[in-house]
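Inspection log for the structure reproduced underneath, given as structure tokens.
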Amino acid sequence: MSNTALAIVLAGLAAMAALPFLDTGFWLALAISIAQYAVLATAWAMFSGPTRYVSLATAAFFGIGAYTVAVLGEVLPWPVVLLVAGVIGAVLSLLVGFATLRLSGVYFVVFTFGLAELIRQLVTWFEVNVTRSMGRYVFVEITQAQIYWQLLALFGALLALGTWLARSRLGFALHVIGEDETVARHVGIDTARAKVALFALSSVFMALVGAVMAPRWTYLDPAIAFNPSISFTVLIMALLGGTRSLLGPLLGVVPLALLFEVLTARFPNHFSILVGIVFLLVVYAVPQGVSGLLARLRRGAPA
Amino acid sequence: MKKDITRRGLGLGASALVLAAPAVRAQTAAPTAVKIGYAVSKTGPNAGGTAVSITPNYQLWVRNVNATGGLRLGDRRAPIEVVEYDDRSSSEDAVRAIERLVNQDKVDLILAPWGTALNLAIGPVMNRAGYPQIAVNAVTDRAPDLGRRWPNSFWFLGTSAEYAAGLVELLSKQREAGLIGNNIAMVSVADGFGIDLVNAARPALQRAGFRASYDRTYPVGTQDMAPILAEAARSNPDAFIAFSYPPDTLAITEQARVSGFNPKMFYVGVGTAFPLFKERFGANAEGVMGIGGWQADSPRVQEYMRQHKELVGREPDRWGSSVCYASLEMLQQAIERVGRIDRPAIIRELQTGTFDTILGPMKLEGNVRREQWVVGQWQNGEFMAVAPAAKAGARPPVLPKPAWRST
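Chains P and S, in that order, give the protein sequences.
Numbering follows the numbering used here, in which position 279 of the first sequence is assigned residue number 1656; successive positions increment by one, without gaps.
Numbering follows the numbering used here, in which position 181 of the second sequence is assigned residue number 184; successive positions increment by one, without gaps.
Given below as structure tokens:
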């Protein structure tokens, strides 16, 4: 994305920050949901797009962030809580990254899926045996509008980072890795380190989203924080949007978030089966994502 | 003209009565209807509890109110129109559903979901929007704090400390009577309610001079209870206590029966009060104690039971269900006393009024319902309330528990 494009997008985000002055109820809730998934899906695609590693660890990092707030929210000032959440997310992603990014293909997918469950069980074990209480109350004075603004700010920061990354040596290295990892190694790229660095960057954003969202629920237990459905929702949104460009995932987030809203409101009893059908359609009908489709149309090839 | 509308409203009430069973979203613009919304867990881990203690009572109440023509607002009656959503047991979906009910559907009142987590999740939204929140199926030690923090919220099932204290008091009484000794075996599920209960029970037992010679926690979803029960039996306790969830409650009781482990007092946790427990164990349920209980001999409870069976096709549970129905009766009386949909006034009435319910007169103190039945015992096929003993209508517990019969 060019600097002009980035500036336009950031200006657009700044304009959207006015929404809470117009409505603080339903539309703000919907906007929070879209903003949340926009950050998560873009962060997911930032790592998984170029490297083609399909990660199901979103819920793990999101949960870590949320749980950090549950533990520290009432003790530390809010910016410090966010900082701690980001640091924990980074440390965990580095540990996990160095341990697993040598795995490839389906092994990595399975591992990341297990990661959320592993962390959930560890937290549960800790709460049962050490703190001897399950379920934590999050009474932090944060309004819905503030949650929304923080999410917009995160999204802006993520886009700026992504733009910078695309021009950096790291971004180029990742591109080569995505095309052919063996070649990348042979031309002297430290593939493991590049992948881990990107994984950590992406994970920090996921942890921050979890931290920002936690005050919305007042009460957290491991099952709420480490909900695997977040991983799948983010994955399908990013796939629908397309992972090859920075704003691609957004093209999947907005329609799907709106669709989920309509399905929940109109078909409360058939939600799960309809969402399942949507997932199948996305994978079969739009394998390159909406952004891929648009690119093909622009090139004049038959869609 | 006005008369005409009222008649239309009555007609609607009658048709809503016909359609009430599957609680459909009646799409109508009748200005005299009262719109009541709820988002409950139709799917996900909370679906079981919701289907037992929440949904049947909401449906039954709406049916009964509409059968009389609706809620009495001043000199007319307004039938209830229901808007319902599935929160899929997710906190985020629950919050969004409430925002939708308040801002899009513009419902007049909102009924609460099942469980502590979801009630806490929607607490801030309900508070901001100024809707009364009758958190009927939530047990939290912070209930009194929450009532102060959100004056629009009402907490009906008390704190886990109350349940533990009531149980220990019952144990002490039995010991005074010379029926049991000091030796207790205790197991608990490693999840929210189980942990809270055992944390409250440990110091209470110690203060009362009991000795927990066996005290073990097991993970949620444990299938095989044989090793735990074998160890508990080896400590040869006078009383066995399990702070368990419904599946474990059934598994523990079944394993105790199979292995012939029959202490003088046998107490299991959530689920003992379910009709399923009686169906499953038949005569062997006799003498088993558990959480909850009700006054089964009260005519109004029996009438409630009959209506519940007729509408849902099965009996209600003997803990949360009747409280849920009673809370709705309170809401109805509060609305009718105020005479219009004036939410601040309804909240004030709920805070201060005394209400006539199937469970007798009910009054909240600091937005919390005090004095509930904490221990019940299956006696002659009914789950009778036995503690707190000081509460009017308590049955004396029957100890020692009869021997398991082979089936």
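We put the CB at the ideal spot given by N, CA and C, even for glycine.
Quantities reported herein were computed from a predicted structural model and do not represent experimental measurements.
For the ligand PLP, any of its heavy atoms closer than 7 Å to the Cβ of residue i?
i: V377 (chain S); result: Judged by which ligands are present, the structure shown has none, so any question about the ligand PLP falls away.
Buried or exposed: which applies to residue i, given that a residue is buried once 16 or more other Cβ atoms fall within 10 Å of its Cβ?
i: T357 (chain S); result: exposed
i: W1502 (chain P); result: exposed
i: H463 (chain S); result: Residue 463 (chain S) lies beyond the residue range present for chain S, which begins at 4 and ends at 410; the question has no answer from this structure.
i: Q177 (chain S); result: buried
i: A160 (chain S); result: Residue 160 (chain S) is actually Leu in this sequence, not Ala. Burial call: buried.
i: T275 (chain S); result: buried
i: N140 (chain S); result: buried
i: F264 (chain S); result: buried
i: V1667 (chain P); result: buried
i: W158 (chain S); result: buried
i: W1541 (chain P); result: exposed
i: S409 (chain S); result: exposed
i: F269 (chain S); result: buried
i: P399 (chain S); result: exposed
i: S1481 (chain P); result: exposed
i: I83 (chain S); result: buried
i: D1400 (chain P); result: exposed
i: N69 (chain S); result: buried
Roughly how many angstroms separate the alpha carbons of residue i and residue j, rounded to a whole number?
i: R303 (chain S); j: Y248 (chain S); result: 29 Å
i: N287 (chain S); j: A259 (chain S); result: 11 Å
i: Q226 (chain S); j: D218 (chain S); result: 19 Å
i: T1641 (chain P); j: G1619 (chain P); result: 25 Å
i: L1531 (chain P); j: S1622 (chain P); result: 18 Å
i: A24 (chain S); j: P59 (chain S); result: Since pLDDT at A24 (chain S) reaches only 39, below the 50 mark, its modelled position is unreliable, and no value is offered.
i: D78 (chain S); j: Q335 (chain S); result: 15 Å
i: E1558 (chain P); j: R151 (chain S); result: 60 Å
i: V85 (chain S); j: Y307 (chain S); result: 21 Å
i: R1643 (chain P); j: T1435 (chain P); result: 28 Å
i: V1515 (chain P); j: L1407 (chain P); result: 22 Å
i: I187 (chain S); j: L200 (chain S); result: 15 Å
i: V1663 (chain P); j: L1671 (chain P); result: 11 Å
i: G1442 (chain P); j: K404 (chain S); result: 50 Å
i: S1545 (chain P); j: L1417 (chain P); result: 22 Å
i: L1478 (chain P); j: D1598 (chain P); result: 29 Å
i: A50 (chain S); j: S92 (chain S); result: 7 Å
i: E1556 (chain P); j: V1564 (chain P); result: 13 Å
i: P1397 (chain P); j: A1522 (chain P); result: 6 Å
i: V1486 (chain P); j: L1492 (chain P); result: 10 Å
i: I8 (chain S); j: N67 (chain S); result: Unreliable placement is indicated for I8 (chain S), whose pLDDT of 43 sits below 50; the coordinate value is still reported in the next sentence. In a straight line, the C-alpha of I8 (chain S) is about 22 Å away from that of N67 (chain S).
i: S216 (chain S); j: M129 (chain S); result: 45 Å
i: A1382 (chain P); j: D148 (chain S); result: 50 Å
i: F1609 (chain P); j: F1490 (chain P); result: 10 Å
For residue i, which residues from the same chain have a beta carbon less than 7 Å from its beta carbon, with the 5 sequence-adjacent residues on both sides left out?
i: E352 (chain S); result: A337, R340, V341
i: A1394 (chain P); result: W1526, L1529
i: S1579 (chain P); result: A1420, W1421, M1423, F1424
i: T1445 (chain P); result: V1458, V1461, A1462, I1465, A1588
i: V1659 (chain P); result: I1613, L1616, L1617
i: L1636 (chain P); result: V1655
Take residue i and list the residues in its own chain whose beta-carbon comes closer than 6 Å to its own, dropping the five residues that flank it on each side.
i: L112 (chain S); result: I39
i: W1 (chain S); result: Lying outside 4 to 410, the shown extent of chain S, residue 1 (chain S) is not represented and no answer is given.
i: T53 (chain S); result: V43, S44, W117
i: T143 (chain S); result: T119
i: L1628 (chain P); result: G1618, V1667, S1668
i: R1513 (chain P); result: A1447, L1597
Contact list for the segment 1598-1619 of chain P against chain S, Cβ threshold 8 Å: Cβ contacts with chain S: D1598, A1600, I1601, N1604, S1606.
Can you give, in chain order, each stretch of the alpha helix (DSSP H) that sits fully within the segment 282-324 of chain S and has at least 4 residues? 302-315
Could you run through the segment 1573-1595 of chain P and flag, in chain order, every residue whose CB is less than 7 Å away from some CB of chain S? Going along the segment 1573-1595 of chain P in chain order, one finds R1593, W1594, T1595 with a Cβ nearer than 7 Å to chain S.
What alpha helix (DSSP H) runs, 4 residues minimum, are completely inside the segment 203-263 of chain S? 229-237, 249-262
So if I threshold CB-CB distances at 8 Å, which residues from the segment 72-95 of chain S count as touching chain P? E87, Y88, D89, R91, S93, S94, E95
What residues in the segment 1637-1650 of chain P have a beta carbon less than 7 Å from any beta carbon of chain S? For the segment 1637-1650 of chain P, residues whose beta-carbon sits nearer than 7 Å to a beta-carbon of chain S comprise T1641, A1642, P1645, N1646, F1648, S1649.
Between the segment 121-136 of chain S and chain P, which residues of the former have a C-beta closer than 9 Å to a C-beta of the latter? L121, N122, L123, A124, I125, G126, P127, V128, R131, A132
Closer than 8 Å between beta carbons: that is the criterion. Which residues of the segment 257-279 of chain S meet it against chain P? none
Could you give the uninterrupted runs of the alpha helix (DSSP H) lying entirely in the segment 1463-1515 of chain P, keeping only those of 4 residues or more? 1483-1503
Report the start-end ranges of each beta strand (DSSP E) in the segment 30-64 of chain S that is 3 residues or longer and not cut off at the edges. 37-43
Could you tell me which uninterrupted beta strand (DSSP E) segments, each at least 3 residues in length, are contained entirely in the segment 343-397 of chain S, listed from first to last along the chain? 357-360, 363-368, 378-382, 385-390
Within the segment 72-123 of chain S, ranges of the alpha helix (DSSP H) (whole runs, at least 4 residues): 94-106
So within the segment 1577-1616 of chain P, which uninterrupted alpha helix (DSSP H) runs reach at least 4 residues, ignoring any that extend past its ends? 1599-1602
Report the residues of the segment 105-120 of chain S with a CB closer than 8 Å to any CB of chain P, ordered along the chain. V105, N106, Q107, T119, A120
Contact set between the segment 183-194 of chain S and chain P, restricted to residues whose Cβ is under 7 Å from the partner: Flagged, chain order: A193, D194.
Given a limit of 8 Å on CB to CB distance, which residues of the segment 1511-1526 of chain P reach chain S? M1511, G1512, Y1514, F1516
Would you list, in chain order, the members of the segment 194-223 of chain S that have their beta-carbon closer than 9 Å to a beta-carbon of chain P? D194, G195, F196, G197, I198, D199, V201, N202, T220, P222, V223
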